[in-house]
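Residue numbers (our numbering): 20 to 444. Note that beta-carbon positions come from the ideal geometry of N, C-alpha and C, so glycine has one too. Structure, as structure tokens:
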Ligand code: SAJ
């Protein structure tokens, strides 16, 4: 089998080298010449455990090559970005997807399977992709097969999840779904569920929306509990002991390119009815400012000036800054002018980044943890010794061990601290 993958980013590249590992002849296409060159020279341009090894193997086997233009293939997989349209209800911008479809049209042969993996608004395949192919003379389900097979892998664990997560294949006709299933059966070990394109589109969006709504519930609960002087984290722990309850974790906001983006695709399609989804987005988007307000109150209590931010990535143990609430909080605190703000995140390249935690905390009045990197589980006294006020605000509830002379507050105990703080500093 020969597969042509359009878009060699976080999803397209791992998918390409995964097919190549299973003996498929893969042509990877990207519009960026430096991406194409770097891959053909054997260098992965993205961080993902195992990616470099998979690429090395694929190049050594001669099963993978990157180029700027597509080639005829049995299957075409489109994995290009679908950002929000900023001026239009944050709806799904299909520009790159439709451009990719346009670009492959000259290379489609009778019997080819066209697969869209990019996350798209409900009905995008039926309303936009199908008509575009039909205008070019193809009969879907007869000449060619068209499916939406959403990617659902977690950055940091992509190769395991590509092979082991169940897969949804939504075709325009049952024969399309069958053609899609055949392609993925190459490496997918678990179940492949066949459905229609619009059900596949909506299911994918609802997975991330479910998570976003549940995080919003946890964030709202935190605000309520802080007002009522109840520990929200204890409440969540207790409520989650019920076998059918799973309240998610509150935090400084929701980042990444999925949860902070996908729910808007549904809201934009059904603005009158998608009430809860829309409110949840607003609640999660309000968290950075809520954290900044709490930081202001803490800084007033300790009469401090210097804040050290721990973690800039949108979630733990990765280098991804997309939509990161930590960046928003950093900018808000800096714009207040009255604070000196530093940051420490060993995973990312950022101009504010200190060399190490000890340096970042020297003379600081507050260690504000915004990302759940594992390295923040244990805080050592060599790191905190030189702080002016030994106060930690752990917005991720990640810290497990704190030096005895430090005060560590989290989203469950912040109200206690602010109301009757006795500082041991
Ligand atoms: N977060 C919380 N509280 C929680 C869980 C997460 O505040 O209880 C925050 C995280 O810190 C992060 C954000 O939410 O800022 C999103 O993190 P995530 O781990 O929930 O999700 P992503 O965006 O890294 O990946 C999700 C995954 N979807 C689901 O788990 C349903 C992944 O499987 C998808 O492939 C990916 O979206 C995608 O591409 O759609």
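Between the C-alpha atoms of residue 123 and residue 95 there is a straight-line separation of about 8 Å.
The beta carbon of residue 22 sits closer than 8 Å to those of 35, 38, 43, 44, 45, 46, 92, 93, 94, 95, 96, 202, all from its chain and outside the five residues before and after it, given in chain order. When the five nearest sequence neighbours on each side are left out, the beta carbons in the same chain lying within less than 7 Å of the beta carbon of residue 238 are those of 269, 302, 303, 306, in order along the chain.
For the 8 Å CB-CB criterion, residue 148 and residue 166 do not form a contact. Contact between the segment 235 to 253 and the segment 425 to 434 is present: three or more C-beta pairs spanning the two stretches fall below 8 Å.
Under the DSSP assignment, residue 67 falls outside any beta strand (DSSP E); it carries neither an H nor an E label.
Every alpha helix (DSSP H) of 4 residues or more that sits fully in the segment 189 to 262 is shown, in chain order, as 193 to 203, 216 to 247, 251 to 258.
Beta-bridge partners of residue 284 (DSSP): none assigned. Residue ranges of uninterrupted alpha helix (DSSP H) with 4 or more members, entirely inside the segment 29 to 87 and ordered along the chain, are 31 to 40, 52 to 59, 70 to 80. Here the distance from the Cβ of residue 270 to the nearest heavy atom of ligand 1 is below 7 Å.
For residue 267, DSSP records no beta bridge to any residue. Cβ neighbours of residue 196 within its own chain (closer than 8 Å, five residues either side excluded): 166, 188, 189, 190, 213, 214, 215. Here residue 151 is actually not in contact with residue 163; their C-beta atoms are around 12 Å apart, not less than 8 Å.
With respect to the 8 Å criterion, residue 417 and residue 398 are not classified as neighbours on the basis of their beta carbons. Rounded to the nearest whole angstrom, the C-alpha separation of residue 415 and residue 271 is 7 Å.
Here the C-alpha atom of residue 374 lies approximately 26 Å from the C-alpha atom of residue 62. With respect to residue 331, residue 343 sits close: the two C-beta atoms are nearer than 8 Å. The segment 255 to 263 makes no contact with the segment 98 to 115; the number of CB pairs closer than 8 Å stays below 3.
Between the segment 378 to 393 and the segment 280 to 289 there are fewer than three inter-stretch CB-CB distances shorter than 8 Å, so the stretches are not counted as touching.
For residue 300, the uninterrupted alpha helix (DSSP H) run begins and ends at 294 to 304, by DSSP. According to the DSSP assignment, residue 183 belongs to the alpha helix (DSSP H) that extends over 177 to 183. Taking residue 244 as the centre and dropping the five residues before and after it, the same chain places the C-beta of 250, 251, 254, 431, 434 closer than 8 Å to its C-beta, in chain order. Here the distance from the Cβ of residue 138 to the nearest heavy atom of ligand 1 is below 7 Å. Excluding sequence positions up to five before and after residue 278, its CB lies within less than 7 Å of the CB of 227, 230, 231, all in the same chain and listed in chain order.
Secondary structure at residue 426: strand, using DSSP grouped into helix, strand and coil.
Taking 8 Å as the upper bound for CB-CB distance, residue 32 and residue 70 are in contact here, some 7 Å apart. Placement of the Cβ of residue 109 at a distance of 7 Å or more from every heavy atom of ligand 1 is found. With fewer than 16 other Cβ atoms from the protein chains shown falling within 10 Å of its own Cβ, residue 79 counts as exposed. If you look at residue 21, you'll find it in the beta strand (DSSP E) that goes 21 to 25. Using a 10 angstroms sphere on the CB of residue 261, the tally of other CB atoms stays under 16, which defines it as exposed.
Residue 163 sits in a strand when the DSSP states are folded into three classes. Its Cα nearest to that of residue 363, the residue 329 stands out among 384, 329, 89, 340. Where residue 387 is concerned, the enclosing beta strand (DSSP E) starts and stops at 385 to 388.
Shortest gap from the CB of residue 55 to any heavy atom of ligand 1: 7 Å or more. Distances from the alpha-carbon of residue 321 to those of 357, 407, 310, 208 put 407 closest. Per DSSP, the beta bridge partners of residue 95 are 23, 133.
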